[in-house]
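A quick write-up on the structure given underneath.
Numbering (this note's numbering), first residue to last: 118 to 432.
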């Protein structure tokens, strides 16, 4: 996904001469180094100083530039959160935050660099658009949309490549939720690259006799709440699954929607109230219940506890 992000910015900069990339000395990891090679006059190396980088970006935005910031997500949402809040969100500055290495799967960086609270923090910030693409194609479309749309955008980027969900005909639209699979028993709502793992889980569930739909949410803010509620109407159990804490992220969002619009039993799969650790991807996904196998197991367990309404009423 980081490759798609960088290559798209290189392409966009050919036609948009106001596009800049500001880097926090992590260009080789985030792939911003490709932009530095392609457009050296519009690549600004800001050093290990994200707070300052945010301030400089806001100044450039006031001059008409479109600055994309590049660093690890955790440095934007924790170290520079005051600058993001005060300078970017409150002024509605045209600054785009390319938040790389978000989530658990950050290449053995461990709990200090794993950001599993970013969606909660950014979703609560007034005026901030929050996007979490599910694959490289959607990432390209989201970068193009964000570059051409005034206002602050937080783009959550996974470190590693994942399965393709969409083809080149895919059109990104903010707010829109994307049904990836229909199901009549359970609705799994997911975001980012967790959606691909949930699709695999739905396939496993089918072999167990459970029909599970998967609803992908690439835009956590704004979001089409009515579409989420409408999809929830058709099933007995709703499950949210995210590579993020269950507090305040996608699970929190779905809980808010259902409680206000369509009360349903909701099970939130994600990181519990705990820190991460340094380990291989497969280990971390299994440990936190996010691998396809663990998602399927959890759905089976929870679905068995959800009585069909007609049976519960003795009819």
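Beta carbons are placed, not taken as given, at the ideal position from N, Cα and C, and that holds for glycine. Since we're looking at a predicted model, the values are computed, not measured.
In this structure, does DSSP put residue i in helix, strand or coil?
i: residue 130; result: helix
i: residue 331; result: strand
i: residue 392; result: coil
i: residue 302; result: coil
i: residue 231; result: coil
i: residue 321; result: helix
i: residue 162; result: strand
i: residue 376; result: helix
i: residue 282; result: coil
i: residue 296; result: strand
i: residue 307; result: strand
i: residue 254; result: helix
i: residue 326; result: coil
i: residue 118; result: coil
i: residue 74; result: Residue 74 lies beyond the range of the chain shown here (118 to 432); nothing can be said about it.
i: residue 289; result: coil
i: residue 277; result: coil
i: residue 405; result: coil
i: residue 207; result: coil
i: residue 242; result: coil
i: residue 428; result: Summary for residue 428: the model assigns pLDDT 43, below 50, so the residue's position carries little reliability, and this model does not support an answer.
i: residue 421; result: helix
i: residue 200; result: helix
i: residue 397; result: coil
Per DSSP, residue i is paired with what?
i: residue 218; result: Bridge partners of residue 218: none, in fact.
i: residue 385; result: 357
i: residue 189; result: 217
i: residue 248; result: 272 and 336
i: residue 184; result: 137
i: residue 145; result: DSSP, once it has assigned bridges, lists no residue as partnering residue 145.
i: residue 362; result: 388
Looking only at its chain, what residues have a beta carbon closer than 6 Å to the beta carbon of residue i, apart from the 5 residues adjacent to it on each side?
i: residue 413; result: 318, 321 and 322
i: residue 342; result: 374
i: residue 150; result: 144
i: residue 401; result: 221
i: residue 445; result: Nothing can be reported for residue 445: it is not among the residues displayed for the chain, which extend from 118 to 432.
i: residue 162; result: 140
i: residue 329; result: 300, 303, 305, 319 and 322
I'd like the list of long-range same chain contacts for residue i, defined as Cβ closer than 7 Å, with 5 residues on each side in sequence excluded.
i: residue 243; result: 206
i: residue 167; result: 141, 188, 192, 193, 196 and 197
i: residue 337; result: 236, 240, 247, 249, 308, 367 and 370
i: residue 432; result: For residue 432, the predicted structure reports a pLDDT of 37, less than 50, and the residue's modelled location is therefore unreliable. A value from the coordinates is still provided. Nothing listed; no residue qualifies.
i: residue 172; result: 200 and 204
i: residue 409; result: 314, 317, 318 and 321
Which same chain residues end up closer than 8 Å to residue i when comparing Cβ atoms and leaving out the 5 residues on each side of it in sequence?
i: residue 362; result: 233, 234, 237, 387, 388, 389 and 390
i: residue 165; result: 141 and 142
With a cut-off of 8 Å, does the C-beta of residue i fall near any C-beta of chain D?
i: residue 272; result: Going by chain labels, chain D is absent from the structure shown, which holds only one protein chain.
Does the region 253 to 264 come close enough to the region 341 to 352 that 3 or more CB-CB pairs lie under 8 Å?
no
Taking 8 Å as the threshold, find out whether the region 369 to 379 comes into contact with the region 275 to 282 through three or more Cβ pairs.
no
Segment contact flag, the region 383 to 393 with the region 283 to 301, C-beta cutoff 8 Å, min 3 pairs:
no
Does the structure place the region 150 to 168 close enough to the region 224 to 233 that three or more beta carbon pairs sit under 8 Å?
no
Segment contact, 8 Å Cβ cut-off, at least three pairs: the region 401 to 416 with the region 305 to 316
yes
Does the structure place the region 246 to 254 close enough to the region 193 to 209 that three or more beta carbon pairs sit under 8 Å?
no
Can you confirm whether the region 323 to 340 touches the region 391 to 398 when touching is taken to mean that 3 or more C-beta pairs between the two stretches lie within less than 8 Å?
no
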